[in-house]
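In my numbering, the protein residues as written are -15 to 196.
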């Protein structure tokens, strides 16, 4: 059965907006104040992502997809850095001041996250590698829109506009949606709100599934 991506995009954008509002209201009831520096750092990254994600949704509302993609690259970068600092830098007892001032290579963060194992030898099972050059190269694809070069700029030069297939739009939207949901759950995990983690996982179980 052929997928109607235009219809799927409409449904997905509706879900993205609804979940964004619901999660915002849900988090309003939770205390995220803390003196723990790493929790504060995670919270800072989350609020930054949420701010850009909200702008991303506004751009979609006005059919400004190319501008939305520029925001999506920043959302992806900050999200990955949030995971990296919690699982990699925290174990090294790095000072937050040094973390905030240091430049991080995206590919190196992905590699170290995929190599990470906790005390029970559990890891991320290649979750982060999907964003690398060796796999789906998501980061590199998004970068084409932000560096002023590549096929998209050439198309804009030749035709005066940018066009995207409904499938291309769906793939970006779906990735951003799942990334935001995962980061929202991760925010609760870092703070030790495990009942709330279970609640969000259950609430968005269908949306978090990998597509078959």
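The beta carbon of each residue, even a glycine, is placed where N, CA and C say it ideally should be.
This one's a predicted model, so the numbers in the text were calculated from it and none came from an experiment.
Identify whether residue 120 lies in helix, strand or coil by the three-state DSSP scheme. As a working note, residue 120 is residue 136 in the chain shown. Low per-residue confidence applies at residue 120: pLDDT is 44, beneath 50, and the placement is therefore not dependable, though the value from the model is reported in the following sentence. If DSSP states are grouped into helix, strand and coil, residue 120 belongs with coil.
With 16 as the cutoff for other CB atoms within 10 Å, does residue 163 come out buried or exposed? Mapped onto the chain shown, residue 163 falls at position 179. Residue 163 comes out buried.
Quick check on the burial criterion: 16 or more other C-beta atoms within 10 angstroms. Buried or exposed for residue 70? In the chain shown, the residue the question calls residue 70 occupies position 86. In summary, residue 70 is buried, with 16 or more beta-carbon neighbours lying within 10 Å of its beta-carbon over all protein chains present.
Do residue 33 and residue 63 have their C-beta atoms closer together than 8 Å? Along the chain shown, one-based indexing puts residue 33 at 49. Along the chain shown, one-based indexing puts residue 63 at 79. Yes, they are a contact pair.
Alpha carbons only, please: which of 22, 109, 187 and 190 is nearest the one belonging to residue 81? By one-based count along the chain shown, residue 81 stands at place 97. The shortest C-alpha separation from residue 81 is found at 22.
Proximity to residue -14 [Cα-Cα], best of 52, 151 and 66: Here residue -14 refers to the residue found at position 2 when the chain shown is read from its first residue. Checked all of 52, 151 and 66; the closest Cα to residue -14 is 151.
Label residue 7 either buried or exposed according to how many other C-beta atoms from any shown protein chain fall within 10 Å of its C-beta, with 16 as the threshold for buried. One-based indexing of the chain shown puts residue 7 at position 23. Buried: at least 16 other Cβ atoms inside 10 Å.
Which residues in the same chain have their Cβ closer than 7 Å to the Cβ of residue 156, if we skip the five residues on either side of it in sequence? Position 172 of the chain shown, counted from the first residue, corresponds to residue 156. Cβ neighbours of residue 156 beyond the five flanking positions: 53 and 56.
Under a Cβ-count criterion, where at least 16 other Cβ atoms within 10 Å of its own Cβ denotes burial, should residue 180 be classed as buried or exposed? Translated into positions along the chain shown, residue 180 becomes position 196. Looking at its Cβ environment, which holds 16 or more other Cβ atoms inside 10 Å, residue 180 is buried.
Within the same chain, show all residues whose beta-carbon is closer than 8 Å to that of residue 99, passing over the 5 residues directly before and after it, in chain order. Counted from its first residue, the chain shown places residue 99 at position 115. Excluding sequence neighbours, residue 99 sits near 107.
Within its chain, find whatever has a CB closer than 6 Å to the CB of residue 112; leave out the 5 residues flanking it on each side and keep chain order. Here residue 112 is taken as the residue at index 128 of the chain shown, counted from 1. So the list reads 94, 97 and 98, once near-sequence residues are dropped.
Within the continuous alpha helix (DSSP H) that includes residue 193, where are the two ends? Within the chain shown, numbered from 1, the residue matching residue 193 stands at position 209. Boundaries cannot be given for residue 193, as no alpha helix (DSSP H) includes it and DSSP labels it neither H nor E.
With a threshold of 16 other CB atoms inside 10 Å of the CB of residue 26, please say whether the residue is buried or exposed. By one-based count along the chain shown, residue 26 stands at place 42. Within 10 angstroms of the beta-carbon of residue 26 lie 16 or more other beta-carbons, which makes it buried.
Under three-state DSSP, which class holds residue 47? Taking the first residue of the chain shown as 1, we reach residue 47 at position 63. Collapsing the DSSP output to three states places residue 47 in coil.
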